Structures are given as structure tokens and as C-alpha cells.
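Since the structure comes first, as C-alpha cells, the remarks are kept for the end.
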Amino acid sequence: MRLSELHRRSGVSTASIKYYLREGLLPPGRTTAANQAQYDESHLHRLKLIRALIGVRGLSVSDAKQVLGLLSSDEARSPDRLDGVLRLLPGTDTAPHGPEDPRADASGTNALMEELGWRVSEGHPARRTISRSLHALRSLGLEVDWTMLLPYARIAEQTAALDLDRARPSTDPGERAERVVLLALLLEPALLALRRLAQESESAVRHER
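Take a look at the structure:
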């Protein structure tokens, strides 16, 4: 298909398609003549991926490019290395970057991981997010420690199992990796929205008692 048809079928403007081509998010089409190229279904699928990552998940162009690069990597196509791909996804460490507070030690997070028996790397950036969050809550007068996170962690385990189960039907490692990564990224806003809705509903129910 030509650029005009790719625009029509994807709903993405030609200007945006050209931009994604220039930035390397979208691979070039097959050159047919000067300033002309043909595109296929893989380009259409890639455009849908790009729009989902940027428009739905809110990733920057550079982060979307990183995700697409990870999906094309050997790590993503190796089932026993998919955990490394997930660790490198943008937003793994959701805490803002700045000077580390020495009081936000990792002992609580380490104890939590040990209690759960989770097989995660010592250097996983999400560990820092947990340590920072617990320290911030304590500094504001809340009496919390790592044990408070245990019931939440069990729910997270179930969520992770659901994610991987939904990726299992595909026998192609690349397609399976794409499903896992997209579930990890694109479901996060929906899961947070569900938590907010549940909080509002639970608050209303308790108020009526």
C-alpha cells in the first residue's frame, strides 16, 4: 500500500507517519520509485503499536522507540530472558529522579522480597520506588512498614499471572513478548483507574452505613 492508504487505514496523519519514519519508530517501506515506497500489514501493525504507546500509555517518542527496540531484541524472543525486557520498560521506577535520601534504606524492601520469595534482581529499579514510598509515608507521620504491602503484593502476583496467561496462546516468542509488554504497559492506566473507582465506591458504601 502507498503512504496515502497507510494513512487512511491507520487513521494516522501522513505528517505523523513521516515523522515516525524519520525517528526510526516505523521501518522504511519498500522503495518503488523516487520519493515513493510501498508499505504492508507490518507497517500498519507497527503504527497501531506506536499510537497505543504514545496516545494511550502516554510514553514519549523516545520511550516508545525504546519499547519497540526491546520488542525486536533477542532478549524479547528468548522466553527465559523476558524478565530482563520487562525490567527495562519505561516507568519501571516511577519515583521522580533526584538526590537519594539516605534514610530511604532498602532493608524493608529486601525483607518484603524475601518474605514473598520473589525471584527479582537486586538492582531492579522498582525496588527503589518501594523504598522511597515507604520512607515518604513514614516521614509524613504514617505508621507503615513493609508488612503493609504484603496483601497488595499478593494481588500483584495474581495480576502478573493473568498477564502471562493471556500471552501464552501465542507460540511465536516475538508475538508472545509483545503481548506481555503491551499488557504490562497498556493495562497499568486501566488498573490504576480501577483502583480509584473502587476507592470511591467503597468510600460511598461505608458512608451509607
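One point on numbering: in our numbering, the residue at position 55 of the sequence shown is 334, and numbering is uninterrupted.
Beta carbons: idealized from backbone N, C-alpha and C, even for Gly.
Quick caveat, the model's predicted, so the values are computed rather than measured.
Residue span of the beta strand (DSSP E) that contains residue i, given as start and end
i	result
Arg-309	309-312
Ala-316	315-317
9 angstroms Cβ cutoff met for residue i and residue j
i	j	result
Leu-323	Ser-283	no
Leu-464	Leu-338	yes
Val-423	Leu-416	yes
Arg-287	Pro-306	no
Trp-502	Glu-394	Outside the displayed span of the chain (280 to 488) sits residue 502, for which this structure offers no information.
Of the residues the options, the one placed nearest residue i, counting alpha carbons only
i	options	result
Val-346	Ala-456, Leu-300, Leu-429	Ala-456
Arg-223	Arg-433, Ile-434, Leu-462	A query on residue 223 cannot be resolved here, the shown segment of the chain reaching from 280 to 488 and no further.
Ala-263	Arg-287, Ser-412, Trp-397	Since the displayed the chain opens at 280 and closes at 488, residue 263 lies outside it and no answer follows.
Leu-368	Val-399, Met-392, Pro-404, Leu-391	Pro-404
Neighbourhood of residue i by C-beta, 8 angstroms cutoff - its chain only, sequence neighbours within 5 removed
i	result
Gly-303	Lys-344
Ser-480	none
Element boundaries [alpha helix (DSSP H), containing residue i]
i	result
Pro-385	Inspection of the sequence shows that residue 385 is occupied by Ala rather than by Pro. No alpha helix (DSSP H) holds Ala-385; DSSP gives it neither H nor E.
Pro-491	In this structure the chain extends from 280 to 488, so residue 491 is not present and cannot be described.
Val-340	340-350
Glu-436	429-446
Leu-416	404-418
Leu-328	320-330
Thr-293	293-302
Glu-284	282-289
Residues near residue i by beta carbon distance below 7 angstroms, same chain, minus five either side
i	result
Ala-385	Arg-406, Ser-410
Open item on the list: With a threshold of 8 angstroms, are at least 3 pairs of Cβ atoms found where one atom belongs to the segment 431-448 and the other to the segment 331-340?
Closed with: In short, these stretches do not touch, since the Cβ pair count stays below three.
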